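Undergrad: In the numbering used here, the protein residues as written are 499 to 867.
Even glycine gets a Cβ: it sits at the ideal position worked out from N, Cα and C.
Note that this is a predicted model, so its numbers are computed, not measured.
Quick one: structure below, then a few questions.
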């Protein structure tokens, strides 16, 4: 007979194989009932544990397994799961729906996308939800930067949310109207310094990715480029194409369509590394502004205090879905690159973004309009 540790490993492995049986029995955390069920269906086969129920080794083995926590991972989910995000049609919605479709197949339960008015409302919905893994949040920088833009925000991202995975990142590009006499980041910086306050850029709202990318560029390069704010991306791009504004930090994939048609000139991408979304373009950091990086980030979170086994399972299954060839291709077509990080990596990214982008917003005195 093996050691208690070896016996514990056997018991754990057998329980894992029984997820379907346990779900169908409607059990949650009643492990006395579970033990009886396992014996009644003979799931341990020969040498069934219950035949040696009085064996000291068996009880020692059981004592080594954190059964309540383990059960949470095995039994989850037993009902539909909801992924809350912002409005329909954006990159967040596309990512949420692809993840939901993949999880539905794995879980054997419906995974529903719940679109709210914006990222702030979505965050508040999940903030108020039970920490049981059945209400999740897919959100971007609104979750960790909004408190720099508003006087009062209901949540603290590090206190109130548990990171699961960074789903995707979306780079921007610096695009200029063809009439602007520059072809590189160095030339843009030189022109902006020679003509302070004369160049302008379009953005599609306060705190958006293109706005943050531009303000980080201004702060790092020490230039004064005037912001022209628009209510939507379409108007911002249209005025760039018509020459009403000189440049923009536009979505890389969307901007390439206009670059190929000759309506815009692209000079660099805002990601740390070159991207296949904008083939052939150098990075900002390699072409005149070392250390620069600005990408849109979408992460998936649960309410704080969600049990670790549930968070672990969600991370494993979401990474599996996100890294599948079909999902990666669909997200790439939509203009995003899959990241599929660990929870720890997402937490570190959020902390880093709050530090560097928070300073940019504070120093520039930017507040929500």
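Between which residues of its own chain and residue 682 is the CB-CB distance below 7 angstroms, once the five residues before and five after are set aside?
TA: 765, 785, 786, listed in sequence order.
Undergrad: What are the start and end residues of each continuous beta strand (DSSP E) run of 3 or more residues lying completely inside the stretch 589-651, in chain order?
TA: Listed in chain order, the beta strand (DSSP E) elements of length 3 or more contained wholly in the stretch 589-651 are 609-613, 633-637.
Undergrad: Going by beta carbon distance, what residues of the same chain come within less than 6 angstroms of residue 717, once the five residues before and after it are set aside?
TA: 858
Undergrad: Note down the Cα distance separating residue 692 from residue 778, rounded to an integer number of angstroms.
TA: 28 angstroms
Undergrad: Determine the burial state of residue 758: buried for a count of at least 16 other Cβ atoms within 10 Å of its Cβ, exposed for fewer.
TA: That one is exposed.
Undergrad: Which residue from 698, 712, 661, 860 puts its Cα closest to that of residue 840?
TA: 661
Undergrad: Per the contact definition of three or more C-beta pairs closer than 8 angstroms, is the stretch 730-750 in contact with the stretch 700-707?
TA: With the cut-off at 8 angstroms, the stretch 700-707 and the stretch 730-750 touch.
Undergrad: My understanding is that residue 666 touches residue 837, with C-beta atoms under 8 angstroms, so please give their C-beta distance in whole angstroms.
TA: Yes, residue 666 and residue 837 are in contact; Cβ-Cβ is about 6 angstroms, under 8 angstroms.
Undergrad: Threshold first: 3 residues or longer. Then list the beta strand (DSSP E) segments lying entirely within the stretch 765-844, N to C.
TA: 793-801
Undergrad: Let me confirm a value: residue 865 is counted as buried when at least 16 other C-beta atoms fall within 10 Å, else exposed. Which label applies?
TA: exposed
Undergrad: Along the chain, where does the alpha helix (DSSP H) that runs through residue 714 open and close?
TA: 707-719
Undergrad: Restricting to Cα atoms, I'd like to know which of 652, 590, 712 is closest to residue 833.
TA: 590
Undergrad: Residue 573 bridges to which residues according to DSSP?
TA: In the DSSP output, where bridge partners are listed per residue, residue 573 has none listed.
Undergrad: DSSP on residue 736, reduced to helix/strand/coil?
TA: helix
Undergrad: Can you tell me whether DSSP reads residue 853 as helix, strand or coil?
TA: helix
Undergrad: Our contact map puts residue 796 next to residue 636 with C-beta atoms below 8 angstroms; I'd like the distance itself, whole angstroms only.
TA: 6 angstroms
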